[in-house]
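In my numbering, the protein residues as written are 4 to 72.
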């Protein structure tokens with residue numbers, strides 16, 4: 004099943020927003036002082052944010068290239 008470029012752009016935008024939410028989870032875990040496993044959660048949050056946002060940007064770029072071509 005082929006996805007149109009508009010659908011790919013929408014999926015990419017959703018992944019970018021999901022990456023932003025993971026970043027906020029990591030930031031909240033870093034700022035919470037009395038939480039004993041904050042370092043692990045913040046590291047995982049920041050890593051997941053980077054991976055998901057990068058994947059979203061790649062999908063958006065491919066959808067733009069597909070629409071122009």
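Just so you know, even glycine gets a beta-carbon here, dropped at the ideal spot from N, CA and C. Just so we're clear, the structure is a prediction, and the values are computed from it rather than from any experiment.
Inter-residue distance for residue 17 and residue 49 is about 17 Å (C-alpha atoms, whole angstroms). The alpha carbon of residue 61 has as its nearest neighbour, out of 35, 15, 8, the alpha carbon of 15.
The three-state reading of DSSP puts residue 35 in coil, since its state is none of H, G, I, E or B. Just measuring C-alpha positions, the residue of 28, 68, 51 sitting nearest residue 41 is 28.
The straight-line gap separating the alpha-carbon atoms of residue 38 and residue 12 is approximately 38 Å.
Annotation for residue 58: 18 place their beta carbon closer than 6 Å to its own, counting only its chain and skipping 5 residues before and after. Contact annotation: residue 34 and residue 55 have beta-carbon atoms that are not nearer than 7 Å.
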